Structure formats: structure tokens, C-alpha cells
Amino acid sequence: MSKIKDKLLIDIGSTYFKVGTASNVEQHFRDFNKDIYDDLTYKCGETLHNYHKDDIFICSSANGGLSTLIIGITDSFSLKYATNIAFNSGINIIDTVLYKNIEKTSIPSDLIDVVIVVGGINSVEGIFDEKLYTFLKQIKYSNIVYVGSELDAPTLQNNIENLVVLPNIIDNKLHIIEENLKEYLTNLYQADIMGKDDIKHLYDITSNQIYSTPYIVNKTLPLINSKFSVVDPYLLVDIGGATTDIHYSKDLVDDNIVTENEYDRLVFKKLGVYKSKESLIFAAKNNEFVYELLSHLKVTENIFEEQNDKALRVLMQLAIFLVLCKVSNYRKAYVNLKLLSLNSLVLTGGITKVLTQEECEDIVDFFYKKILNSEHNPTIVMDSNYDIWTLGLNQ
49 MSKIKDKLLI
59 DIGSTYFKVG
69 TASNVEQHFR
79 DFNKDIYDDL
89 TYKCGETLHN
99 YHKDDIFICS
109 SANGGLSTLI
119 IGITDSFSLK
129 YATNIAFNSG
139 INIIDTVLYK
149 NIEKTSIPSD
159 LIDVVIVVGG
169 INSVEGIFDE
179 KLYTFLKQIK
189 YSNIVYVGSE
199 LDAPTLQNNI
209 ENLVVLPNII
219 DNKLHIIEEN
229 LKEYLTNLYQ
239 ADIMGKDDIK
249 HLYDITSNQI
259 YSTPYIVNKT
269 LPLINSKFSV
279 VDPYLLVDIG
289 GATTDIHYSK
299 DLVDDNIVTE
309 NEYDRLVFKK
319 LGVYKSKESL
329 IFAAKNNEFV
339 YELLSHLKVT
349 ENIFEEQNDK
359 ALRVLMQLAI
369 FLVLCKVSNY
379 RKAYVNLKLL
389 SLNSLVLTGG
399 ITKVLTQEEC
409 EDIVDFFYKK
419 ILNSEHNPTI
429 VMDSNYDIWT
439 LGLNQ
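To convert a position in the sequence shown, counted from 1, into our numbering, add 48.
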């Protein structure tokens with residue numbers, strides 16, 4: 049493990065929490081009948097007692113992150129840029145709306161934490177009209193931010209209550225300007241944490257800011273070679289209880305998004321193996337290759353109804369397969385990764401405590417042969433000791 053010195057590092061997940069010292073990382077399954085603070089102090093009280101508040105650093109994904117809806121003018125610029133910034137700020141995107149289709153878009157029923165409206169360079173005017181205001185009146189949201197053409201900002205402010213206006217994320221050369229929106233979204237996440245009693249209570253044990261876990265993992269990526277034998281370009285897949293996160297090297301994409309980050313992130317909010325198990329099964333049943341995969345694994349679809357170790361292993365293998373499908377050319381998604389160029393696939397999260405190296409290699413091999421029709425096999429690296437997140441939090 050990286051040298052933690054006198055720090056205590058804590059990651060609060062939706063299903064597990066992990067505690068890292070200089071010598072080891074402990075993992076504890078959460079007791080959902082207890083407040084996170086009470087559960088943590090009950091299970092790790094002796095360890096916590098040995099550290100000063102200044103030396104305890106916490107990241108969390110337990111509050112589920114913020115949900116966002118993005119409304120943009122084009123797939124190739126405004127939607128893509130805003131999506132890129134939101135993902136890298138640790139935000140979960142529930143949907144994107146192409147403005148020309150806004151009248152035909154289904155209305156989300158859930159409360160949205162933040163709506164992002166974006167479009168046009170600063171010399172363009174009159175992009176949005178009554179269609180936007182009609183759509184916004186039909187949805188429930190807590191925050192709304194505009195990061196499009198500055199010429200349209202006054203009109204939108206007059207028509208949208210509590211609209212936050214930030215500088216355009218698209219410059220006149222069609223490059224991405226990310227810092228203002230990224231800072232706004234990060235601060236919203238902090239405010240959300242401060243509003244959640246069980247997370248807020250954790251400030252009783254630390255005097256440091258609590259960060260979003262995906263944000264911390266993104267900080268880790270440039271440092272990963274200090275701990276693991278990873279060859280660029282690589283993909284890191286974090287399969288947890290509620291979501292599956294992907295962090296990937298920029299050279300796996302063709303899109304020339306000008307940004308300071310060497311790595312990008314995707315989150316699949318409905319591909320976890322505990323809290324979002326039902327939606328994972330739904331996604332599996334709707335994948336045309338899954339029944340062939342189940343046959344390959346020597347099980348039937350009855351495995352979806354079972355509650356045992358075998359069923360959990362199969363679900364985790366399916367999560368790997370479905371995520372690779374989602375970022376391959378097999379699916380038209382926000383991003384398609386050049387998976388035939390992939391050298392290393394790093395697996396972390398609860399999955400590494402359940403699946404063996406061989407079981408993971410088997411699924412990846414099946415994916416490449418069946419979906420990509422290729423014998424290519426990236427090296428599988430298992431973060432079995434949950435060391436990866438400690439690298440970023442230790443910064």
C-alpha cells in the first residue's frame with residue numbers, strides 16, 4: 049500500500065465501508081439499521097480513537113451522489129461537454145435531452161438534484177424559447193444552472209426562477225472550459241452531504257472536507273502505477289452495491305475534448321449488485337447475449353431468482369459483461385471506448401472479494417470473442433485489498 053503515514057482513510061460506500069491505515073485496509077458490511085456514524089464507531093471505535101480529527105480523511109458515495117438532467121443543443125458539443133464535466137465531478141446523470149426533441153421527451157418522475165442547460169458559443173443568441181420553460185415546469189428539480197451562450201443568459205434568468213448562471217463551457221474555438229461548472233457541481237455535492245444527517249455526523253470525527261468517492265478515485269488514476277502493474281491505456285471498473293463506475297484513459301476515445309484531465313469517468317447508476325440488483329437483472333434480460341453467457345457459465349435464468357453465493361457470483365460476472373457492452377461499439381452510448389486497444393483492465397470494489405481472477409478473465413474472454421469477435425485479452429488486475437482509493441485520498 050502507498051505510505052499513509054499517520055493518516056486514517058475512510059471510504060463510506062452504499063454497502064460497505066473501508067478503513068485504511070498504514071498497515072492494512074479493513075472492510076465492513078454496513079448495518080443498515082444503524083446510522084453510519086454509529087456503525088463506524090461501533091466497529092472501528094478503537095482505531096478511530098488512535099487518530100486526531102486532522103488526520104482522518106473521509107470520502108463517500110453513500111448518499112448516492114447527485115442526480116442531474118442535461119439539456120443541450122447538440123450531441124457533439126454541448127451535451128457531450130456538460131456530460132463529461134458532470135461525470136468527472138462525481139455526478140450521476142439520469143438523462144440527457146437534445147433540445148430539438150424536448151417536446152417529445154418523456155418527463156422524469158423522480159426529483160432531480162440539478163438541471164444543466166447548455167448550448168451555443170457566446171456570439172450566438174436566441175437559442176432557447178418557450179419549449180424550454182414548458183418542459184421545466186413539468187419536472188421536479190432542486191437546482192438549475194445555465195452554462196451556455198452569454199447572450200441568452202438574461203432572457204433565461206427572467207424566465208427561470210433561481211437560475212444560476214456560470215460562464216459558458218464552450219469557447220469560441222469549441223474547446224471545453226470546465227472549471228466553473230466543475231466547482232459548482234462539487235460544491236453542490238458538499239452541500240448535499242451536509243444536508244444528510246448520517247453523512248454530516250461524520251464531521252464529528254474529521255476536521256477535513258468529505259469528498260465524493262468517484263472524485264477521489266479520479267485523483268488516484270495518475271498514481272496507479274505506484275501500486276499496480278498497469279499498462280496504458282487501461283480501464284478501471286468499480287462494481288459496488290448501488291452503482292458501477294468506470295474510469296478510463298483518454299487514449300481509449302477518439303473524441304478530442306480539450307480538458308486537463310487525463311482520465312474520464314462514467315457511472316451506471318442501475319448496475320450495482322445489492323441496492324440496484326433488480327435493475328441489473330432487468331438489463332441482463334434485455335441483452336441478447338446474456339442467455340448464451342448464462343449457458344457458458346453453466347447456469348439457467350433461474351439463477352436470477354436465487355439468493356445464494358452462486359447467484360451473487362453470476363450477478364457480478366454479468367455486471368462486468370454488461371458494462372463492457374455499454375462502452376463498446378456494440379451499443380451507441382455517451383462514449384464508445386476502443387476496447388481492442390485496451391492493455392489493462394483493473395477491477396475494484398466488492399467484486400474483488402467475491403470473484404476469482406479466473407472468473408473475471410473468463411467473462412472478459414467471453415466478451416471479446418462474442419461481442420468484438422477478437423482473441424484480444426487485456427491483462428486483468430484485481431485490487432483485492434481495496435488499495436486504489438487510498439492513493440487518491442492520501443493526496
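Backbone N, C-alpha and C define an ideal beta-carbon position, used for all residues, glycine too.
In this text the structure is predicted, and so the values were computed from the model without any measurement.
By DSSP, does residue 223 sit in helix, in strand, or in coil? Three-state result, residue 223: coil.
Quick check: residue 392 and residue 429, are their CB atoms within less than 7 angstroms of each other? yes
Could you tell me the distance, in whole angstroms, from the CA atom of residue 220 to the CA atom of residue 117? Distance from the CA of residue 220 to the CA of residue 117, rounded to the nearest whole angstrom, comes to 25 angstroms.
Straight-line gap, residue 85 to residue 248 (C-alpha atoms, nearest Å): 9 angstroms
Segment contact, 8 angstroms Cβ cut-off, at least three pairs: the stretch 177-190 with the stretch 84-104: no
Taking C-alpha atoms, which residue in 366, 411 and 432 lies nearest to residue 395? Ranked by Cα distance from residue 395, the options 366, 411 and 432 are led by 432.
If you draw a straight line from the alpha carbon of residue 196 to that of residue 240, how long is it in whole angstroms? 25 angstroms
Element boundaries [alpha helix (DSSP H), containing residue 342]: 338-344
Please confirm whether residue 92 and residue 259 have their CB atoms less than 7 angstroms apart. no
Check the DSSP bridge columns for residue 107 and list the partner residues they point to. 59 and 259
The beta strand (DSSP E) spanning residue 75 covers which residue range? 73-77
In terms of DSSP beta bridges, what is residue 248 paired with? Beta-bridge pairing links residue 248 to no other residue.
Compare the C-alpha of residue 414 against each of 436, 360 and 338 and name the closest. 338
What residue range is occupied by the uninterrupted alpha helix (DSSP H) comprising residue 99? Where residue 99 is concerned, there is no enclosing alpha helix (DSSP H), given that its DSSP letter is neither H nor E.
DSSP state of residue 65 mapped onto helix, strand, coil: strand
Taking residue 179 as the reference, which of 159, 208 and 245 has the closest Cα? 208
One or two residues paired with residue 404 in a DSSP bridge: In DSSP, residue 404 forms no bridge with anything.
Exposed or buried, what is residue 47 when buried is set at 16 or more other beta-carbons lying within 10 Å of its beta-carbon? What the structure shows of the chain is the stretch from 49 to 443, and residue 47 is not part of that stretch, so it cannot be assessed.
Residue 191, enclosing beta strand (DSSP E) - first and last residue: 189-194
Quick check: the stretch 362-376 against the stretch 403-417, are at least 3 beta-carbon pairs closer than 8 angstroms? Yes: the two stretches touch, three or more of their Cβ pairs being nearer than 8 angstroms.
Rounded straight-line distance, which links the Cα of residue 60 to that of residue 89: 13 angstroms
Whole-angstrom distance between residue 296 and residue 388, CA atom to CA atom: 14 angstroms
Any idea which residues DSSP pairs residue 123 with across the strands? Residue 123 is not bridged to any residue.
Coarse secondary structure for residue 327, derived from DSSP in three states: helix
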